[in-house]
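Asks: With this note's numbering, the residue at position 185 of the sequence shown is 187, and numbering never jumps.
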Amino acid sequence: MTELLESGHYTPELGLRLHTLAASLSQTIAWHAFDRGRHTQASQNWVAGLHNAYAAGDFDMGAGLLGDLAYQAAWRLDHATSAKILTHALARAQSPAARCLLQLRLARTLAARGGRSERRAVLRALAAAEQHLNSAGGDRPGWCAGVSEADLAVDSGQALLDLGDTSRAHQLITEGEQLLPRSRDKTRGVFLAYRAASLLDLKEPEPAAAAATQSLILARRTEAPRCARLVENLLPRFQPYSRTAGVEELLHLAAA
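(1) What alpha helix (DSSP H) runs, 4 residues minimum, are completely inside the segment 34-99?
(2) When the distance is taken between beta carbons, is Ala109 closer than 8 Å to Ala161?
(3) Once DSSP output is grouped into helix, strand and coil, what is the label at Glu206?
(4) Quick one: give me the first and last residue of the alpha helix (DSSP H) that Arg186 is part of.
(5) If you reduce the DSSP assignment to three classes, tell me which class Val124 lands in.
(6) So the candidates are Leu220, Ala195, Arg222; which of them puts its Cα closest to the Cα of Ala211?
(7) Measuring straight from C-alpha to C-alpha, what distance separates Ser26 and Leu68?
(8) Just the C-alpha distance for Arg197 and Ile175, rounded to the nearest angstrom, thanks.
(9) Among Gly66, Leu79, Trp77, Asp157, whose alpha-carbon lies nearest the alpha-carbon of Thr89?
(10) Among residues of its own chain, excluding the 5 on either side of Asp70, which ones have a beta-carbon nearer than 7 Å to its beta-carbon?
(11) As a quick exercise: from Glu120, Ser119, Leu92, Met63, pick the residue whose alpha carbon is nearest that of Ala130.
(12) Take the Cβ of Gly178 as the centre, count every other Cβ of all protein chains shown within 10 Å, and call the residue buried at 16 or more, exposed below.
(13) Using a Cβ-Cβ cut-off of 8 Å (strictly less than) and excluding sequence neighbours within five positions of Gly59, which residues of its own chain qualify?
(14) Taking just the CA atoms, how far does Leu220 sit from Ala24?
(15) Quick check: what's the CA-CA separation for Arg170 versus Asp203?
(16) If you run the structure through DSSP and keep just helix, strand and coil, what is Arg228?
(17) Applying the criterion that 16 or more other CB atoms from any shown protein chain within 10 Å of the CB defines a buried residue, is Asp157 buried or exposed?
(18) Compute the Euclidean distance between the alpha carbons of Leu201 and Ala214, then round it to the nearest angstrom.
(19) Is the Cβ-Cβ distance between Leu106 and Ala123 less than 8 Å?
(20) Below 8 Å on the Cβ atoms is my guess for Arg121 versus Leu165; work out the distance and round it to an integer in Å.
(21) When you compare the CB positions of Pro207 and Thr246, do they come within less than 8 Å of one another, or not?
(22) Is the separation between the beta-carbon of Arg94 and that of Gly51 shorter than 8 Å?
(23) Roughly how many whole angstroms lie between the Cα atoms of Leu79 and Tyr12?
(24) Is Arg190 near Leu181, with beta carbons less than 8 Å apart?
(25) Is Val149 helix, strand or coil when you go by DSSP?
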């Protein structure tokens with residue numbers, strides 16, 4: 003696609019379509035690399051997608067690609083960079099669905115960065131995300147077409163978990179996982195890992211082990227090593243409960 007754009011002959015209208023396709027392909031390749039821990043390749047493809055989105059004049063797609071770079075930064079615990087990128091992306095995004103997803107990511111990274119000191123900003127971002135979701139119609143950019151009540155519930159729950167509101171967080175994460183359609187099993191695996199973490203915070207190791215086991219099985223079935231690492235990072239927290247029902251099975255599965 004890059005070679006075609008650089009050396010091919012096409013009308014300006016077709017050029018816009020080619021840049022849009024190149025941006026979408028770059029985003030898909032970037033997520034594939036990111037799921038496998040190839041962060042340099044992922045960021046290179048997101049940046050390439052960003053250039054193509056702007057060449058196509060698609061500012062919502064550009065905002066989405068910025069949001070992906072912010073997600074990567076947050077995953078690597080660089081929450082200051084993540085928040086800065088998301089603020090820039092929100093200044094460009096126009097679609098309510100896009101703004102919803104970006105506000106959810108902003109809430110998550112602010113909560114992880116500052117905990118209770120960021121409480122007002124986190125709650126403001128969550129309220130904005132809910133408002134944008136309520137006003138989002140069916141005409142959505144493809145990269146955020148699936149954002150739903152499930153995402154709102156789980157991401158809100160995860161943000162509240164970082165703020166220390168564990169009971170409400172657990173309720174929202176559980177509700178969100180139940181709302182998720184079967185077609186999004188990789189996302190379900192992530193949500194289940196979040197549920198397991200919230201249950202561990204509540205000192206409920208047995209249901210936490212059940213959720214973590216389901217998450218790990220889904221991560222392996224969908225070939226998403228990044229998602230599997232979410233569960234692997236929880237394993238040390240299960241060690242004190244090694245004799246609790248389900249925990250030994252989880253540890254054995256993780257070691258397989």
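Positions of the beta carbon are idealized from the N, C-alpha and C atoms, including for glycine.
Replies: Inspection of the coordinates gives the following:
(1) Runs found: 41-57, 61-77, 81-92.
(2) Closer than 8 Å, so yes.
(3) Reduced to three states, the DSSP call for Glu206 is coil.
(4) Per DSSP, Arg186 belongs to no alpha helix (DSSP H) and is neither H nor E.
(5) Note: Val124 maps to helix in three-state DSSP.
(6) Measuring from the Cα of Ala211, the nearest candidate turns out to be Ala195.
(7) If I take the Cα positions, the gap works out to 13 Å.
(8) Answer to the nearest angstrom: the Cα atoms are 6 Å apart.
(9) Closest option to Thr89, Cα to Cα, is Gly66.
(10) Shown here for Asp70: same chain residues with a beta carbon closer than 7 Å to its own, the five before and five after excluded, namely Gln29, Ala32, Trp48 in chain order.
(11) Ranked by Cα distance from Ala130, the options Glu120, Ser119, Leu92, Met63 are led by Leu92.
(12) It is buried - the Cβ of Gly178 has at least 16 other Cβ atoms within 10 Å.
(13) These residues qualify, in order along the chain: Leu18.
(14) Cα-Cα distance, rounded: 30 Å.
(15) Between the C-alpha atoms of Arg170 and Asp203 there is a straight-line separation of about 12 Å.
(16) In this structure, Arg228 counts as helix in the three-state DSSP scheme.
(17) Taking a 10 Å sphere around the C-beta of Asp157, we find 16 or more other C-beta atoms and assign the residue as buried.
(18) Computed Cα separation, rounded: 10 Å.
(19) In this structure, Ala123 does not lie closer than 8 Å to Leu106 by Cβ.
(20) Taking 8 Å as the upper bound for CB-CB distance, Arg121 and Leu165 are in contact here, some 6 Å apart.
(21) Contact flag set, yes.
(22) For Arg94 and Gly51, no; Cβs fall outside 8 Å.
(23) Going by the C-alpha atoms only, they are around 43 Å apart.
(24) Their beta carbons are not under 8 Å apart, which means Arg190 does not touch Leu181 by this criterion.
(25) For Val149, the three-state secondary structure derived from DSSP is coil.
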